[in-house]
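If you're matching positions, the sequence shown starts at 9 in our numbering and goes up one per residue. For glycine and all other residues, C-beta sits at the position ideal for the given N, C-alpha and C. Just so you know, these numbers come straight off a predicted model, no measurement behind them. So the structure is just underneath, and the comments pick up after that.
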Amino acid sequence: MNDQPWHGVRVLAFDIFGTVVDWHGSIVREVQALYPHVDADAFALAWREGYQPAMQRVRSGELGWTRIDELHRLILDGLLPRFGLQHLTEPERQHLNRVWHRLDPWPDSVEGLQRLKRRYTITTLSNGNIGLLTNMAKRAGLPWDCILSAEVFRAYKPDPSVYLGVARTFDLVPGQVMMVAAHHEDLAAARECGLRTAYIERPWEFGRARPKDVSPQAGNDWHAESLVGLAERLGA
């Protein structure tokens, strides 16, 4: 086996929601268990649909710096009446909001990360906040070397300061960092900052009823069907 990292890459930085963990399936399972009368699929999708607009309120300056936990709660409080859950108590709302801390990994994630960790430093690079990412990793057995978050840089992806902040954190040039994600827009923004990129196929991110197009796109250094597949391509 070649012991040299691929093209000088030292750090692999991972998007989390959808790439490493199954947010849709996890939320559906929990909502079905807690509130079986609710359309859990529609609830999960509606909650996630509020994600980008909420972050845009921070990016635009309408809101000051606000962590994802608080943004998720703002979205949740707006959703509850639509799904007949406006009666939930404050402790019930807090518990439901923390479902994002309890997301399950995709079946290949833990093995793939363990393999990649042998050769590379692996870190999160998520818009999720540090407490959320830490709790998720602890519960799911995700073996990160480091947990980096938009919270560290006080900016949300695709702000360049987030991608470049990884390189600065490890005293590397951007080309020594590879962004790993299941979202082409995340990878495109990383590439504009000089990072290497790897796309991971997650066709069921939005549920089995809504398969994603996971076709390769020009510009990415790697395209893999799973994190195990990426490890194989990178010789880990």
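Just to check my reading of the structure: residue i and residue j have Cβ atoms closer than 8 Å, yes? What is that Cβ distance to the nearest angstrom?
i	j	result
LEU150	PRO182	With a Cβ gap of about 24 Å, LEU150 and PRO182 do not count as contacting.
ASN137	ASP77	6 Å
ARG127	LEU42	With a Cβ gap of about 41 Å, ARG127 and LEU42 do not count as contacting.
PHE22	VAL28	6 Å
Pick from the options: whose alpha carbon is nearest that of residue i?
i	options	result
PHE91	ALA190, VAL222 and ASP47	ASP47
ARG106	GLY69, TRP55 and MET63	TRP55
ARG123	GLY139, ARG176, TRP152 and THR97	TRP152
ALA249	THR129, MET187, THR74 and TRP73	Residue 249 lies beyond the residue range present for the chain, which begins at 9 and ends at 244; the question has no answer from this structure.
LEU133	THR177, HIS95 and ARG127	THR177
TYR164	ALA50, TRP73 and CYS154	TRP73
GLY139	GLU57, VAL160, TYR43 and ARG241	VAL160
VAL39	ALA158, LEU104 and PRO99	LEU104
TYR207	GLY16, HIS15 and LEU20	LEU20
ILE24	LEU53, SER157 and GLN94	SER157
THR131	LYS220, ALA175, LEU96 and ARG65	ALA175
GLU200	PRO99, GLY227 and GLU240	GLY227
ASP49	ARG216, LEU121 and HIS231	ARG216
Alpha carbon to alpha carbon, what distance is there between residue j and residue i?
i	j	result
ASP229	ARG204	6 Å
GLU119	VAL236	7 Å
LEU195	ASN143	25 Å
ARG147	LEU111	9 Å
LEU238	ARG101	38 Å
HIS192	LEU141	22 Å
ARG18	GLN184	5 Å
ASP179	ILE35	37 Å
MET9	ILE83	Reliability of the predicted coordinates at MET9 is poor, the pLDDT of 39 falling under 50, and the value obtained from them is presented with this limitation in mind. So the two alpha carbons sit approximately 48 Å from each other.
VAL188	ALA145	17 Å
ARG37	LEU53	13 Å
LYS125	CYS154	11 Å
VAL170	ARG81	23 Å
ASP167	GLY173	10 Å
TRP108	ARG75	13 Å
GLU70	LEU93	28 Å
GLY16	MET186	10 Å
PRO89	GLN60	21 Å
VAL66	ALA197	18 Å
GLY33	HIS45	17 Å
ARG218	HIS95	31 Å
LEU121	GLU240	11 Å
Spatial neighbours of residue i within its chain, please: C-beta separation below 7 Å, excluding the five flanking residues on both sides.
i	result
LEU79	ALA62 and MET63
HIS231	TYR207 and PRO224
PRO99	none
Excluding the 5 residues preceding and the 5 following residue i in the sequence, name in chain order all residues of the same chain whose CB lies nearer than 6 Å to its CB.
i	result
VAL222	GLU209 and PRO211
GLY26	ALA190, ARG210 and GLU213
ASP116	SER234, LEU235 and VAL236
TRP31	PHE25 and LEU111
ARG162	TRP73
PHE51	VAL39 and PHE91
GLN225	HIS192
LYS220	PRO211 and GLU213
GLY202	PRO182 and GLY183
Based on the DSSP output, what are the partners of residue i in its beta bridges?
i	result
MET186	LEU20 and ARG204
MET113	In the sequence under discussion, the amino acid at residue 113 is Pro, which differs from the Met named in the question. Looking at the DSSP assignment, PRO113 forms a beta bridge with VAL29.
TRP230	ALA206
Excluding the five sequence neighbours on either side, which residues of its own chain have a C-beta within less than 8 Å of the C-beta of residue i, listed in chain order?
i	result
GLY86	GLY58
Is any heavy atom of the ligand ZN found at a distance shorter than 7 Å from the C-beta of residue i?
i	result
ILE35	For the structure depicted, the ligand ZN is absent and the ligand set is empty, with no information on it obtainable.
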